[in-house]
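Take a look at the structure below.
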Amino acid sequence: MEFTESELERYSRQIILKEVGGRGQYALKRARALVVGAGGLGSPIAMYLGAAGVGTIGLIDGDAVDLSNLQRQVLHTTPHVGMPKVESGRQLLEALNPDVRVTTYQEPLDAGNIMTLLPDYDLVLDGSDNFGTRFLVNDACFFARKTLISGSIFRFEGQLATIKPHEGHPCYRCLYPEPPPAGLVPNCQEAGVLGVLAGTIGVLQANEAIKEILKTGETLANHLLIYDALDMTFRKVRRPKDPRCPLCGTAPTITALEEHHVSCRL
Amino acid sequence: MITIRIPTPLRSMTGGKSEIEGKGASIGELIEQMNADHPGLKDRLCDEQGEIRRFINVYLNEEDIRFLTGKDTPVKDGDEVSIVPAIAGGAHD
Ligand SMILES: [Zn+2]
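Which chain is which? The protein sequence lines are A and B, in order. The numbering of the first sequence is the working numbering, which starts it at 1 and goes up by one. The numbering of the second sequence is the working numbering, which starts it at 267 and goes up by one.
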């Protein structure tokens, strides 16, 4: 493993941690992480993974930066309003850490492209904003045997889990077998979210990813973390593997990718 | 008394409260009593057959009741019950 002088200096504060060391830093450098959504969760995820020296970061998002995004999507800056989010994100990440290779996909993630992207990555961080993508990412990661770090937020509440069914742990459908019907989903535009909440959950997703790469610490592979920013509570509940899971159970009914069209609107 | 944690999307049914107290011998009884105190709450939690919806989990302390005995799961004084629906926000929310 070889590092340049500037790499040794840049990462010195984490290389001295015995859980990281030179070996861990090298693992980070070799790691390839796909970040789904360059928004509220994707911003802190990509920035902290990039700052930590994760060697390859993929960003997929079809949207452009909007002024109303900047309250929480800290990957983007005011001069980048109107620019594709993945391009804006690439520019910031490259300025933050030129050692990181940023690969961008300016398109929404869907059943047509996900299986071609996954082979190029070791793990996936889901920061998507809708149930359709969330279930699609879970199913695709199951079929491709990729570790998934799932985070989601709603108003003042966040949820976080590490999904590794290929190592005997539960998948997202073991937790929630199917997405809610459209009529029961709150309107995304009106839901609102605290910017800091996206930061909290996104940073925790980055933390889970780094532990996966370093193979250290306790992960959320068998738990769900629930954060309430108003009550200031973190709760961890057990998340068992469901033998009746439609995806990873003993008699699966889902054997191929399917698109879920769950509208945001009531 | 049993403490019931109400998730953000359902707090409109509980006057904004994040925690309510309930009584009952089982999760099912607790839901009936919650519905008596906060009419309409059961419809949000349960489908037409009265089963808890598949995108909503109910935890007794740390355990998902689907892996215990579902709505028949017994509860006792001092237990904490949490209602945890799937949430999806991230990129835009
Ligand atoms: Zn499963």
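We put the CB at the ideal spot given by N, CA and C, even for glycine. Just so it is clear, the structure is predicted and the values come from calculations on it, not from any experiment.
What Glu328 of chain B touches in chain A, judged by beta-carbon distance under 9 angstroms, is His223, Arg235, Lys236, Val237 and Arg238, going in chain order.
The set of residues with CB atoms less than 7 angstroms from any heavy atom of ligand 1 reads, in chain order, A:Pro165, A:Pro170, A:Cys171, A:Arg173, A:Cys174, A:Lys241, A:Asp242, A:Cys245, A:Leu247, A:Cys248 and A:Gly249. Between Ala354 of chain B and Arg134 of chain A the beta-carbon gap is near 6 angstroms, inside 8 angstroms, which marks them as a contact. For Tyr26 of chain A, there is no enclosing beta strand (DSSP E); the residue is part of the alpha helix (DSSP H) that begins and ends at Gly21 to Arg30. For Ile149 of chain A, the enclosing beta strand (DSSP E) begins and ends at Thr147 to Phe154. Taking a contact as a CB-CB distance under 8 angstroms, the pair Ala221 of chain A and Lys164 of chain A counts as one, their CB atoms being some 5 angstroms apart. Against chain B, a Cβ distance below 9 angstroms from Phe154 of chain A picks out Pro273, Thr274, Pro275, Pro351, Ile353, Ala354, Gly355 and Asp359. Counted as a single uninterrupted DSSP element, the stretch harbouring Glu314 of chain B is not any beta strand (DSSP E), since DSSP gives it neither H nor E.
Proximity to Gly62 of chain A across A:Glu5, A:Val86, A:Ile45 and A:Gly50 peaks at A:Val86, based on C-alpha coordinates. Taking 8 angstroms as the upper bound for CB-CB distance, Asn327 of chain B and Asp345 of chain B are in contact here, some 6 angstroms apart. A Cβ-Cβ contact shorter than 7 angstroms links Val100 of chain A with Gly50 of chain A. By the Cβ rule, the segment 27-42 of chain A counts as touching the segment 120-129 of chain A, because three or more pairs are nearer than 8 angstroms.
Going by beta carbons, Leu75 of chain A and Gly53 of chain A fall outside the 7 angstroms limit. Between Arg72 of chain A and Gly195 of chain A, the gap from beta carbon to beta carbon is short of 7 angstroms. Counting only the Cα atoms, Met267 of chain B lies some 42 angstroms from Cys141 of chain A. Of all residues in the segment 129-144 of chain A, only Asp129, Asn130, Phe131 and Arg134 come within less than 7 angstroms of chain B when Cβ atoms are compared, listed by chain position.
Its Cα nearest to that of Ile349 of chain B, the residue B:Lys308 stands out among B:Gln315, B:Gly316, B:Glu314 and B:Lys308.
C-alpha of Met47 of chain A to C-alpha of Ala206 of chain A: approximately 9 angstroms in a straight line. Residue pairing for Lys236 of chain A: DSSP places it in a beta bridge opposite A:Leu225.
Take Leu175 of chain A, set aside five residues on each side of it, and the residues of its chain with a beta-carbon closer than 6 angstroms to its own are Arg239, in chain order.
The C-beta of Ala198 of chain A has 16 or more other C-beta atoms within 10 Å across all chains shown, which makes the residue buried.
Fully contained in the segment 33-103 of chain A are the following beta strand (DSSP E) runs of length 3 or more, in chain order: 56-60.
For Glu178 of chain A, the neighbours in chain B by C-beta distance under 7 angstroms run, in chain order, Arg320 and Phe321.
Take Thr147 of chain A, set aside five residues on each side of it, and the residues of its chain with a beta-carbon closer than 6 angstroms to its own are Leu123, Lys164 and Glu212, in chain order.
At least one CB atom of chain A sits nearer than 7 angstroms to the CB of Ser284 of chain B.
By alpha-carbon distance to Gly336 of chain B, the top candidate from B:Lys342, B:Asp303 and B:Tyr325 is B:Tyr325. In this chain, the alpha helix (DSSP H) harbouring Leu214 of chain A covers Gly195 to Leu214.
Residue pairing by DSSP places Ala161 of chain A opposite A:Ser150 in a beta bridge. Scanning chain A for C-beta atoms nearer than 9 angstroms to the C-beta of Ser348 of chain B yields Ile226, Arg235 and Val237, reported in chain order. Ranking B:Glu285, B:Pro275, B:Leu276 and B:Lys289 by CA distance to the CA of Lys342 of chain B puts B:Lys289 first.
Counting C-beta pairs with one atom in each stretch, the segment 78-85 of chain A and the segment 156-173 of chain A have fewer than three that are closer than 8 angstroms, which means they do not touch.
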